[in-house]
Structure formats: C-alpha cells, structure tokens
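Residue numbers (full-length UniProt numbering): 1 to 382.
Ideal placement from N, C-alpha and C gives every residue a C-beta, glycine not left out.
Being a predicted model, the structure only gives us computed values, none of them experimental.
Shown next, in structure tokens, is the structure this report addresses.
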C-alpha cells in the first residue's frame, strides 16, 4: 500500500503512524529518499504535523511548503526538510483516533486534489478495517483462551471432588460406622460410661462430617455476576478487611502492614474475602508465642503492563514442598486442623476468587521461614 502511494503521488516517503498525545510511532514505512526512519521507531510528537492532525482530527495537505502561507514558517518542514506533505487521520470504527497515513518529499508535489485525497481516505479506511479485524481476532482468541481456562478449572475441580468422595468423606463415614457399632455393643452390655464416651465420639465425627459437607456446599455454590465488577482501591479494601478482622486481631499480637496498592477492576466483596482468608491463614499457621506479622506488597509493574502482582507475606511456620503442590485443592493437606479438628477450605476459596478474576495464585514457602502468596490479577476485566 505504501509503495503504491509513493508510485501514484511521486512522494519519496510514506508511513502509517500510531499517534497519541505523547507519542508518534512508525508502524510501517516505505522510504525511497533515505529519510532514515524505520518501522517501530519514534519521532518526538511535538515535532510532527501529525500531532495537529490528531488534535484537529482533520487531514493536512501541502503541495509546496515554500508557497503555503501557514506552513512556510512552520518548524516541522524546516526540521525534516520536506516541501510536500500529506497526512490523513485513521479513525477506528468506534470513532477512536488511531494515527495517520502520511507521506513527505523534499520536492513539491500536486497532492491537493480529489484523486490523491480520495486514495488516501480509501487506504485510511482499509487500515482501520484491518485494525478492527485484528482486534476482533485477538478478542476471539482471548475468549477461546478464557473458555479453555474455564474448562481446565472445571476439570480440576471435578478431579478434586472425585478425590474428596473417595477419601475425605469416606474416612469420617468409616469412623462413624465404627463408633456406632461400638456404641451398640456397649449399650447391649450395659457399659454406660463407655456408651457415653462413644456417643460423644459419634456426635463429634458427625459434626465433622456435617462441617465438611457444608464447606463443600458453600464452595460449589460460589459464583459471581458480571455486573459485580467495579474499580476498587485495594488500599481501601485492606482497611475494610482489618475492620472485619478487628476482634480476631485484638485477641493476639498481630501486625498487618501494606504498601501503596493499585486500583484494579474487581468484585470488592471477593477481594475482601481473599485478604481475610490469607490473613486468617497466617494467624492459623503462625509460630507459637511469636508476634504474627503480615505484609501486603505490590511488585512494581513494567510500563504498559496489564496485570499486577500482589504478594501477601507472613512469618508463620511455613509449608513443606509436598504440601505446596496441593495447597489450593479443596480439603488439601492443610485444610484439616488436627488441633481443633475442624475443616477449612479457605485457600481453595482464594484460588476460586482469583480464577474468577482471570488471575492466578501461587505460593512460595519453607518450613519455619514464613509463607508468601503471590496473586496476579488483571488491572481491568475485558
């Protein structure tokens, strides 16, 4: 296309440029006059006429700079040494200004006519159509990736439920049957004290089984609605989290600190849940007789990054390598507290929350050296 423009108009240099308020970037270039600019290179935006095209959203056509009342004293022709110039805005189908289709030459040229301007407008529309097609293709690929991720997540949960059915639920049922049989025997033999003890055991195991089923029911019912997403300041949500945990924090010597966290698009209630679960996990697996410390930080993102990494670090007992592999599974090795004999699937909830935000969560830990949870979340939900 750019070669056709040069052949048709006699211009020596043509380019498609991405033009924003701060940048002029060459997307594609055809250079027959050794202008020296290559694709991907940038010109200072304030030195270009394309900046004026962007501002006014109108074409600029100059046949002969030296004879043009406005541009004869303009800094751009003097800087780049051209006498003829044409720049046409490229507008996307949604009306957004993308950039320009432009051409220059050190010699005068007859550009200000319907044929040349019409050709540039036609090519500008074709470029806009192409860009829209690329965007639609990328959106389609993103949707496919999201669907694949959802399928993989669903398959992973099915695997976990199958394991729960064959292991986590079977064991308390086995114990219930065993203690019930022993209770019947003790009752038949009039062993009242033993029967009372066994009855308490049966009740205890039944409560544990009920708790596991209730946890699974709440976990499986977890969902979100698209309209729940909103711009949220994570600093504010951490403060709200501390309000929710106020009583628990007062009971122990717990220090929660955090850096200046970003604004992201998320479900506010779920982000608070995420912080609550991770802080409670730090409290639950803290070092005996040691002050609990939790620090929430953000990894400095690269310029233009679409994701942010939040880290939640504690000084607890740490997690061994073999436990880390299944730590986010439902009823994982850490989800059953031997001391309190209660189940807990908070880390599985954490992963489900993060996945529902198109993010990921991982853990890095060593025994007796604390634990760091890394949460990667998109800044916006496309």
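- The beta carbon of residue 104 sits closer than 6 Å to the beta carbons of 13, 82, 85 from its chain, once the five residues preceding and following it are set aside; these are given in chain order.
- Where residue 293 is concerned, the enclosing beta strand (DSSP E) starts and stops at 292-299.
- The segment 262-278 and the segment 237-244 touch, with three or more beta-carbon pairs separated by less than 8 Å.
- Contact check for residue 99 and residue 29: beta-carbon distance about 13 Å, past the 8 Å limit, so the pair fails to qualify.
- In the three-state reduction of the DSSP assignment, residue 48 falls in the coil class, being assigned neither a helical nor a strand state.
- Residue 109 carries a coil assignment under DSSP once its states are collapsed to helix, strand and coil.
- The residue from 190, 173, 33 with its alpha-carbon nearest to that of residue 208 is 173.
- By the neighbour-count criterion, in which a residue is buried when 16 or more other Cβ atoms sit within 10 angstroms of its Cβ, residue 44 is exposed.
- Closest by C-alpha distance to residue 256, out of 265, 278, 148, is 278.
- Cβ neighbours of residue 366 within its own chain (closer than 7 Å, five residues either side excluded): 318.
- Rounded to whole angstroms, the separation of the alpha carbons of residue 73 and residue 79 is 11 Å.
- It is roughly 29 Å from the alpha-carbon of residue 147 to the alpha-carbon of residue 372.
- Burial of residue 258 is indicated by the presence of at least 16 other C-beta atoms within 10 angstroms of its C-beta.
- In this structure, DSSP gives residue 103 an extended state, which the three-state scheme calls strand.
- In terms of Cα proximity to residue 90, the closest of 64, 377, 122, 231 is 122.
- Around the C-beta of residue 24, 16 or more other C-beta atoms lie within 10 Å, and the residue is accordingly described as buried.
- Relative to the Cα of residue 5, the nearest Cα in the group 31, 22, 27 belongs to 31.
- Burial check for residue 212: the Cβ neighbour count within 10 Å reaches 16 or more, so the residue is buried.
- Listed in chain order, the non-local C-beta contacts of residue 61 below 7 Å within the same chain comprise 86, 111, 112, 117, local neighbours out to five positions each way being set aside.
- Straight-line measurement puts the Cα of residue 283 at about 11 Å from the Cα of residue 276.
- When DSSP states are grouped into helix, strand and coil, residue 30 belongs to the strand group.
- Straight-line spacing of the CA atoms in residue 94 and residue 134 works out to 14 Å.
- Membership of residue 257 in the beta strand (DSSP E) is indicated by the continuous run 254-258.
- Separation of the CB atoms of residue 109 and residue 9 is rounded to 6 Å, and the pair is thereby assigned contact status at 8 Å.
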